[in-house]
Amino acid sequence: GPELEEVGTLRILEDLRNLRDEWILSSGKEPMFP
Numbered sequence: 008g009p010e011l012e013e014v015g016t017l018r019i020l021e022d023l024r025n026l027r028d029e030w031i032l033s034s035g036k037e038p039m040f041p
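This is how it looks when you write it as structure tokens:
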């Protein structure tokens, strides 16, 4: 149902956030995406 979709979206956003942090740590600069 809707709850599962919401949890899935939150999990994806969390993954993107983690990727962004890793990108910043590895490159030392801000990525193009927010």
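Per the working numbering, the sequence shown starts with residue 8, numbered consecutively.
Glycine residues also receive a C-beta, built at the ideal position from the N, C-alpha and C atoms.
Treat the numbers as computed from the prediction; the structure is a model and nothing was measured.
Rounded separation between residue i and residue j - CA only
i, j, result
"Leu-26", "Leu-17", "14 Å"
"Lys-36", "Glu-29", "11 Å"
"Pro-9", "Arg-24", "23 Å"
"Ile-19", "Leu-32", "20 Å"
"Glu-13", "Glu-21", "12 Å"
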